[in-house]
Amino acid sequence: MSKDMMWECEVQKMHVDLSDPKNTSKRTLKWVVVGASMAPKGSSARCMHCHGPVNVYRQKQPNGMKDHVQHRDRDDSENCQGGCYFKGVHRMSPNAIN
């Protein structure tokens, strides 16, 4: 199930309870799946499969590689179903971002 590239990742977004939007105690951060092109550069993005940290790469040339994400740690990539070095047994990252 290994993929060549991961096109999506998770980033934290502010969630506001619409029943009382002015009450700041009802605002929470939630992990939301976004495309690599929508992930803010330099943010703490995580893999949507193993929750390990990922780097966001942007397309630099018109005919170059499209926006994508890759695991920061090779161990995460080897043990994640979305990693490019996947060995066949999926497990969550020991360095998971919560």
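Positions 0 to 97 (numbering that gives the first Met the number 0) are the ones given, in order, by the sequence shown. A virtual CB, placed ideally from N, CA and C, is assigned to each residue, including glycine. All of these numbers come straight from a predicted model, not from anything done at the bench.
The DSSP-derived three-state label of Lys12 is strand.
Per DSSP, Arg26 lies in no alpha helix (DSSP H); the unbroken beta strand (DSSP E) holding it starts and ends at 26-34. Excluding its 5 nearest sequence neighbours in each direction, Thr27 has C-beta neighbours in its own chain below 6 Å: His14, listed in chain order. Here DSSP, grouped into helix, strand and coil, assigns Arg71 to coil. Taking the Cα positions, His50 is about 19 Å away from Ser36. For Pro93, the number of other beta carbons within 10 angstroms of its own is below 16, and it is reported as exposed.
In this structure, Trp6 keeps its C-beta atom at 8 Å or more from the C-beta atom of Gly41. Counting the other Cβ atoms within 10 Å of the Cβ of Ala95 gives fewer than 16, which makes it exposed.
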